[in-house]
Each structure stands twice: as structure tokens, then as C-alpha cells.
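Numbering (this note's numbering), first residue to last: 9 to 253. Glycine included, C-beta positions come from ideal geometry on N, C-alpha and C. See structure below.
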């Protein structure tokens, strides 16, 4: 289950002390060099290369959701997901939890948020991969309190473009000891939308690069008081295939 807990601070920018000077070719600090110190690496929107392995979720009556997998940044997380997919583990499972302007969650064979396991038969720790954030379309593992409790359940962030329930600026202002993002990450959240308050608490390992419109359509289905769709939303299959470009 996704818990709306405080995210651990993600301080990716280097701190610059007052006594440090960045010198250019003329011995003066440059705007570009100063800017580099407040920029974080953003991996989410890298497109897959031809021949690269991607995930394709076929949702019954809706279509295909294509996901770039970041095996270099989140090796165990991607190994688990691709292993389960290749076993057919996810085929015919449902998205059992859908919350508008937040996320869609699936991957539980019990269909109620209490089940699932990794390819290793137990939980695993996927950590917090660098450069991957909870922008709209991000794919991450649900957990029960820490990344060491990852299993098979995953979620896809689903917010409208430029929509933030809580902005990075508001989060940092309300709790500067827990929240911190580089300026370019803040700008990207303001442009793409997402759920920044989840950063630091969950293992992001993928990003939807095609079919985000389907994710957003799923986010509008009618649900009960437990956020479970009244009409079953089924994953016909989850396949790992080579991206053809």
C-alpha cells in the first residue's frame, strides 16, 4: 500500500559555501558553472534506444501502456519486474486501487493490496535510485513502510500535466528538514505534474513514454470507498519486449 508519509530529503545539489569561487576562463565565476551546482540529474524522460528492453502493459478494453525501464539505475527493481513479467505473473491481474489525480496500483494476485511476492520469493530492497522522481507517468513499487518491503505490487503516477496537489515549494516551506529538491527538478514537477511528496520513500524504476493517456483514462473510472474500481480493470498481459524505435 502506498502510504502518504514524509519523504526523505533528496538533496542532489552540492552545497556552495560563501568562500568558494567558480572560475571561468578569465578567473571569474560563471552563471553556467553556478547553475550546475543546483541541478539534479533527471532520468525519467529519457527515451529507450532501439533494441532496449521495455515493458508493455496491455489493459483490457483500453490499450497498451509502454514503459521505459531503468535497469542501470534500479537493477534489482527492474530484474524483479521483468522476471515476474516473463513468468506471466502479472497476466490477468487487476489494477485494484485507483485514486484520481494520484496513481493507479496493481500487481497483487489477491487483488486487494495484501498479496504479492518478488521473484526471490520474499520482499526485496530496491532503494531510492538516483535521477528518478515521481513525475506523472513514473512507475514504482508499492511498499508497506520502506523500500525493503518491495514485492510485486507497483503503481503508476497519474496526475494531469502541471498538476501538483502539494508543490515542491510548499513542501519545502512547510518542512525544510524533510524536503529538498534541485531547482530543475522543481521546474520539471511544475511542468509535468506528479507527486513529489513520495520521493525518498519508494523505488521508482520506470516511466511511461507511450500510453499516458490510457493511464489518465483509467484514473477516471468509478471506484468504491476502498478506491477499488467498480468495474474490473484488468491487465491482459505484461510483456518485456525489445523497443523497435
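- For residue 66, there is no enclosing alpha helix (DSSP H); the residue is found in the beta strand (DSSP E) stretching over 61-67.
- Judged by DSSP in its simplified three-state form, residue 242 adopts strand.
- Judged by DSSP secondary structure, residue 72 falls outside any alpha helix (DSSP H) and instead within the beta strand (DSSP E) spanning 71-77.
- Taking 8 Å as the cut-off, the beta carbon of residue 157 is found no closer than this to the beta carbon of residue 135.
- In this structure, the beta-carbon distance from residue 114 to residue 102 falls below 8 Å.
- Beta-bridge partners of residue 214 (DSSP): 77, 147.
- Between the alpha carbons of residue 185 and residue 163 lies a distance of about 27 Å.
- Residue pairing by DSSP places residue 231 opposite 237 in a beta bridge.
- Here the C-alpha atom of residue 133 lies approximately 17 Å from the C-alpha atom of residue 77.
- Its chain contains 73, 243, 246 as the residues whose beta carbon lies nearer than 6 Å to that of residue 65, once the 5 sequence neighbours on both sides are disregarded; these appear in chain order.
- Note on residue 238: under 16 other CB atoms within 10 angstroms of its CB, so exposed under the neighbour-count rule.
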